[in-house]
Amino acid sequence: MTSEIRPDAAQGETAPALDPFFGAGGLDREQVQRLVDGALKGADDGELFLEYTQSESFAFDDGRLKSATFDTNQGFGLRAVAGESTGYAHASELSEAAIARAGKAVQAVKHGHSGTMSGGPIGTNRHLYTDANPLDPVPFDDKVRVLAEIDAFARALDPRVRQVSASLAGSWQAVEIVRAGGLIVRDIRPLVRLNVSVVVGDGDRQETGSFGAGGRTGYQAYLDPTNWHGHVREALRQALVNLESVAAPAGEMDVVLGPGWPGILLHEAIGHGLEGDFNRKKTSAFAGLLGQRVAAPGVTVVDDGTLADRRGSLSVDDEGTPTGRTVLIEDGILKGYLQDRLNARLMGMAPTGNGRRQSFAHSPMPRMTNTVMLGGDRDPAEILAGVKRGLYAVNFGGGQVDITSGKFVFSCTEAYMVENGKVGAPVKGATLIGDGPACLTRVRAVGNDMALDPGIGTCGKNGQGVPVGVGQPTLLIEGLTVGGTA
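Under my numbering, think of the first position of the sequence shown as 3, with each following residue one higher.
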C-alpha cells in the first residue's frame, strides 16, 4: 500500500501543474515504485529524488538590460546506502528505463552487505510557503521595467552615483521523494531574490554599497516601490559610508557585531562545525563535546528550518524528513548536531531534517537551514557604550573557515572604530581573524535586538550550494584579532 506525506496546506489530489513527474511527466507510479523497491532491497537506506525546476534571472547594469535567462531543469537521483557506503546515480532523463539503469548501478554498493531498510520519516511537516510559481504572474516587461526604475531612482538620489547594478532572480522547484515500501514525500519550493549595488565616486575615489532581499514567496513584495526604495537607499548609504572610510587599524581588540546579517560569521565559523558528518568523523572542533560547555553563558544557537517564507526554510528536507527547530547550543552547553539520515543512523541519533542537496545530481548531506543565535537582555547602545577601544562590524563580505580547527578570516564591508563608547569613523579593509570555538567563549554581552538577515545567503559545502538564512543580536566579543591596512 502506498502512503504519502505532504505539507498540510497541500493535502489531497495534486493538480497536473504541480505534478511534473507522474502527470505531465508521464511516469507510471506503480512501475517506478517497483523499480525503487528492487534497487533498495537489502539496503540500509535510500530514496529516489525527483526534481523539476524552472528558473529565471535578469541583470540590469549601466542603464540597460545586460542579460535575461530562463531555464528548465529536470531529473532524478537514486541513492542506496549500505553501512557508511553510498551508491548514487542520476540522470536528466525522467523515464522508467533511466531509473532502471540507475537501480542496477546503485546495487553495487550492497555487495556483501545485508541490511534492513531504515524506517521512513514521520509526517509531521507543515506547509511553510506558497505553491505558486513566482515566474508566472508577473510579465517579463514588468520585471525589466522595475529594474530600470531602480537604476533611475538610485541615480536621482545623489549626484555622486556613478554606476547602478540591479538583478532579479526567481525559481520554482517541485520535488518528490520515493522510498522503498511506498512512502512518498512531495514539496513545492518557490524562491526569489532582488539585489541592488551602487558605486559612488568623489574625484578619483570610488566605493560600493549593496543590499539584497529574498525568500520563499512571489515577486510582488520585491517589485513594490515602497520596498525596493528602501533597498536602494540602503545600498547607497553603505556606499557613501565607505566613501568616507579610513584605513582600518590592526591588532587585538574588542569587536561588536551588529544584528542580522553578521550572523554569517556564526554560520561559517560555528555552524559547519556542528554538522553531523564532521562530528561523526571527528574532524570538527566540537566532536565528542555533547553536554559540555562550549560557549559563554547566555549563548543559545538554534537551526530552524520551520520559519515561514524564509530563504533557508523547507517544509521537508531533501530526504523527506520534516525540518524542525534544533537547539545546538543552550546557555553555552552543546546540546546537539545537525543530522541527515545517514549520519544520524551511524551516530545513533535522530535525523533533524537537515539532509540537503543542491539538485538531483547531488547526494544529500547535513546542511544548515536558518541558523540563529537567540537574543539576550542587553541594550545594544549599552553594549557599545562599554567598549573602550574596538571595532563595530555591521556588514560582512566573504570569508573562509577551517572546519577542523574552527579558524576563520572574514572581511568587513561596513565597520566603524569605537573609542570610549562612541562610534567613530568608518574603516576600510578590516578583517576579523579567530576561531569559532574560542569566539563562543569570549562573548561578553548578548543584545536584545535579534534580527534575521534579509534573505541573501547561499552556503557552499563540498561543491554544493544551497539557500540559507542567518540571524543574531548585537554581540560583544572580547579580544578578537583585527587585520587592517593602517
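Where is the CB? At the ideal position from N, CA and C, for every residue including glycine.
- Through-space distance from residue 486 to residue 242, alpha-carbon basis: Stepping through the sequence shown from its first residue, residue 242 is reached at position 240. Stepping through the sequence shown from its first residue, residue 486 is reached at position 484. Whole-angstrom Cα-Cα distance: 20 Å.
- What's the gap between the Cα of residue 178 and the Cα of residue 31? Here residue 178 refers to the residue found at position 176 when the sequence shown is read from its first residue. Here residue 31 refers to the residue found at position 29 when the sequence shown is read from its first residue. For residue 178 and residue 31, the distance between alpha carbons rounds to 12 Å.
- Query: For residue 176, which residues from the same chain have a beta carbon less than 6 Å from its beta carbon, with the 5 sequence-adjacent residues on both sides left out?
  - Reply: Counting from one through the sequence shown, the residue named residue 176 turns up at place 174. Only 22, 54, 190 meet the Cβ criterion.
- Could you have a look at residue 332 and say whether DSSP puts it in helix, strand or coil? Position 330 of the sequence shown, counted from the start, is the residue given in the question as residue 332. In the structure shown, residue 332 sits in a strand (DSSP, three-state: E or B).
- Whether residue 233 touches residue 193 by CB criterion (8 Å): Taking the sequence shown and counting its residues from 1, one reaches residue 233 at position 231. Taking the sequence shown and counting its residues from 1, one reaches residue 193 at position 191. No, the Cβ-Cβ distance between residue 233 and residue 193 is not below 8 Å.
- Query: Of the choices 108, 481, 273, whose alpha-carbon is the least far from that of residue 37?
  - Reply: As a working note, residue 37 is residue 35 in the sequence shown. Ranking the options by Cα distance to residue 37, first place goes to 108.
- Query: Among 110, 145, 430, 217, which residue has its Cα nearest to the Cα of residue 372?
  - Reply: Along the sequence shown, one-based indexing puts residue 372 at 370. The shortest Cα separation from residue 372 among 110, 145, 430, 217 belongs to 217.
- Delimiting residues of the beta strand (DSSP E) encompassing residue 192: The residue you call residue 192 lines up with position 190 of the sequence shown. Unbroken beta strand (DSSP E) run through residue 192: 185 to 204.
- Coarse secondary structure for residue 360, derived from DSSP in three states: Stepping through the sequence shown from its first residue, residue 360 is reached at position 358. The answer is coil: DSSP assigns residue 360 none of H, G, I, E or B.
- Message: Tell me the residue span of the alpha helix (DSSP H) that contains residue 154.
- Response: Along the sequence shown, read from residue 1 onward, the residue named residue 154 stands at position 152. Per DSSP, residue 154 belongs to the alpha helix (DSSP H) from 142 to 159.
- Task: Kindly confirm or deny that the segment 477 to 485 and the segment 431 to 444 touch, where touching means at least three C-beta pairs closer than 8 Å.
- Result: yes
- Between the CA atoms of residue 265 and residue 69 - distance to the nearest angstrom: Residue 69 sits at position 67 when you count from the first residue of the sequence shown. Residue 265 sits at position 263 when you count from the first residue of the sequence shown. Near 32 Å, if we compare the C-alpha coordinates of residue 265 and residue 69.
- Should the segment 313 to 321 be called in touch with the segment 357 to 369, which here means at least 3 C-beta pairs below 8 Å? yes
- Query: Do residue 79 and residue 111 have their C-beta atoms within less than 8 Å of each other?
  - Reply: Here the question's residue 79 lines up with position 77 in the sequence shown. Here the question's residue 111 lines up with position 109 in the sequence shown. Contact: no.
- Message: Does the contact criterion of 3 or more C-beta pairs under 8 Å hold for the segment 244 to 264 versus the segment 389 to 409?
- Response: yes
- Quick one: Cα of residue 376 to Cα of residue 454, how far? Counting from one through the sequence shown, the residue named residue 376 turns up at place 374. Counting from one through the sequence shown, the residue named residue 454 turns up at place 452. Roughly 10 Å separates the two Cα atoms.
- Could you check how far apart the C-beta atoms of residue 330 and residue 305 are, in whole angstroms? I think they sit under 8 Å. Working through the sequence shown from its first residue, we reach residue 330 at position 328. Working through the sequence shown from its first residue, we reach residue 305 at position 303. Between residue 305 and residue 330 the Cβ distance is about 6 Å, and since that is below 8 Å, they are a contact.
- Taking residue 245 and residue 204 to be in contact with their CB atoms under 8 Å, please state how far apart those CB atoms are, rounded to whole angstroms. On the sequence shown, residue 245 is found 243 positions in, with the first residue counted as 1. On the sequence shown, residue 204 is found 202 positions in, with the first residue counted as 1. Right, their Cβ atoms sit about 6 Å apart.
- Item | DSSP-derived helix/strand/coil call for residue 349 | Here the question's residue 349 lines up with position 347 in the sequence shown. Helix, per DSSP.
- Reference residue 39; option with closest CA among 65, 104, 360, 474: What you label residue 39 is simply residue 37 of the sequence shown in a count that begins at 1. Residue 39 has its Cα closest to that of 104, out of 65, 104, 360, 474.
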